[in-house]
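Engineer:
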Amino acid sequence: MTEEKGGLFRAIKEFVYGLAAHDSARYALKSRASMEHLFILITMVDMMGVPIVPPYYSLMLLPYVVPQIATGKRRMLREKDLTDALA
Amino acid sequence: MSLRGIFERYPQRRYLMFGGKGGLGKTTFSAATAYYLARQGKKVLVFSVDPQASLSDIFQRDIFGKGPTEIIPNLYAQEIDADKRIKEYQEEIRKKILDMYGLEEIPEEIESYIQAAAAEPAMEESAIFDEVVDIVIRGGYDYYIYDLVPLGHALYYLSMASVYDTWIDKITALRQQMREYDQVAAVLRRNKELEEDAILNELLYIKDRINKSSQILTDKRTTAFFFVLTPEEMVINDTIKAAQLFAKFDVPYAGYIVNRVLPAELKKQRIPDYLRNRLSMQEHYLKVIGERFGDQVLAQVPEMERDVTGIPMIEKVARAMFGDF
């Protein structure tokens, strides 16, 4: 009985979260991910042959972005904009 | 006001720089000023930001890449070995990656990036810049004397601080904005613990260092930049142009020192025409310097009878700059 009550309470909590906050949380995380993308672009773009100032300090940040480098590169190569559609 | 007067009036100016075209006496004046201050009981570090430094030559000691080396009591000199600094830095980055991810070896893609980044043209200057930031932040000396590179490069070096300053401010602001989104998501998801943003922390660390260094280079209260020139037309013209450019970067220049002045008494002696012409030319350009820079000319240092290397000659130049001490 108590277990059923707990389950119901959890379900209501999930429902309220889904109704009120889920979309906003998703939006925040999506914006966060886009900015992460932008951040990698700004700090690590020289990996793609575009020079950037100053490489000395981007090297200092390298250890923290090691996991993102492979996915970041993939995303950037996949990225399309309006001009691609017109071409 | 005399050069000595400037030092006595503004003792809080602890960061001193001598700038000018190549071969005019920047290293000589840096060493002589360091010598004068050390003899006044001040602990001084004179260091070179020039990859082709000549402090080793002037002090007749091999100090390249050896860190601050004591020359005489209170006088320390340092020549930065940029290559060594870059290698140590690369190694530091590799070690951090291995430790952070528990890896046995650096992934190929990352390793090639580390190697390529070290070969970037601006890497050497950046490494020297960063070492200087280290030196001034570490502290421990009453005075820091920058033996600068020739004018154009010096401007590049000094402007680096303001360029880096702008870059780091922008990039840190972006990262902070990212952090705010993390916080919003965490609140909405009722996550109490928000993981630390290691990149933001590292950026704030870099920002603090760059901001401090940039402040030092532009703070009139703590920094004095002296132009070194000789009584020659091209040198005077270049110095005027450089002073205008330096003003754009808020470099706090404190005055001008004229070097290589031939003793006027020579004119009274029997001397060849060649030397007499040089003396007349010098007389004219000293007048031009006086008209142009007025009381900002702090000292006139005579042409020495021999190369300025070794402590006795450095002392002689120091006496010519500051008077007897």
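Protein sequence lines correspond, in order, to chains A and B. So for the first sequence, this note's numbering puts the first residue at 1; every next one is plus one. So for the second sequence, this note's numbering puts the first residue at 1001; every next one is plus one. Here a beta-carbon is modelled for each residue, glycine too, at the ideal position from N, C-alpha and C.
1) Just how far apart, CA to CA, sit TYR57 of chain A and GLU1079 of chain B?
2) Using alpha carbons as the reference points, say which of B:TRP1167, B:GLU1125, B:TYR1144 lies closest to LYS1042 of chain B.
3) Any beta carbon of chain B sitting closer than 7 Å to that of LYS30 of chain A?
4) Closer than 7 Å by C-beta to GLY1022 of chain B: which residues in its own chain qualify, once you throw out the five before and the five after it? Chain order, please.
5) Just confirm the distance between the C-beta atoms of ASP1147 of chain B and SER1030 of chain B, as a whole number of angstroms; I'd bet it's less than 8 Å.
6) Just the C-alpha distance for GLY1065 of chain B and SER1048 of chain B, rounded to the nearest angstrom, thanks.
7) If contact is defined by three or more beta carbon pairs under 8 Å, each pair taking one atom from either stretch, is the region 1081-1097 of chain B in contact with the region 1125-1144 of chain B?
8) Go ahead and label GLY1020 of chain B buried or exposed: buried means 16 or more other beta carbons lie within 10 angstroms of its beta carbon, across all protein chains shown.
9) For MET1178 of chain B, decide whether its Cβ has a neighbour in chain A, counting only Cβ atoms nearer than 7 Å.
10) Could you give the residue range of the beta strand (DSSP E) that holds TYR1143 of chain B?
11) Is the region 1175-1184 of chain B touching the region 1213-1225 of chain B, taking contact as three or more C-beta pairs under 8 Å?
12) Taking all protein chains shown into account, do 16 or more other C-beta atoms lie within 10 angstroms of the C-beta of GLY1025 of chain B, making it buried, or fewer, making it exposed?
13) For a contact meaning CB atoms closer than 9 Å, what does ILE90 of chain A contact in chain B?
14) Identify whether LEU1045 of chain B lies in helix, strand or coil by the three-state DSSP scheme.
15) Can you give me the C-alpha to C-alpha distance between ASP1295 of chain B and ILE1289 of chain B, rounded to a whole angstrom?
16) Please confirm whether LEU1204 of chain B has its beta-carbon closer than 7 Å to some beta-carbon of chain A.
17) Taking 7 Å as the threshold (C-beta atoms), are ALA21 of chain A and ALA1185 of chain B in contact?
18) How would you label ASN1191 of chain B, buried or exposed, when you count the other beta carbons within 10 angstroms and need 16 or more for buried?
19) Quick check: is the beta carbon of ALA87 of chain A nearer than 7 Å to any beta carbon in chain B?
20) Please go through the same chain and pick out, in chain order, the residues whose beta-carbon is closer than 7 Å to the beta-carbon of LEU1075 of chain B, but skip the five residues on each side of it.
21) Which class does GLU1195 of chain B belong to by DSSP, given the choice of helix, strand or coil?
22) Between the Cα of VAL990 of chain B and those of B:PRO1011, B:MET1100, B:LEU1016, B:THR1028, spot the shortest distance and give me the residue it belongs to.
Structural biologist: So, from the listed chains and residues:
1) 22 Å
2) B:TYR1144
3) No, no contact with chain B.
4) PRO1150
5) 4 Å
6) When rounded, the distance between both Cα atoms is 11 Å.
7) Result yes; three or more Cβ-Cβ pairs closer than 8 Å.
8) buried
9) yes
10) 1143-1147
11) no
12) buried
13) Nothing about residue 90 of chain A can be read from this structure; chain A reaches only from 1 to 87.
14) strand
15) 10 Å
16) no
17) no
18) exposed
19) Here the model assigns ALA87 of chain A a pLDDT of 48, short of 50, so the residue's position is not dependable and the matter cannot be decided.
20) Excluding residues within five positions, the ones whose Cβ falls inside 7 Å are ALA1034, TYR1035, ALA1038, VAL1044.
21) coil
22) Absent from the structure is residue 990 of chain B, since the part of chain B shown begins at 1001 and ends at 1325.
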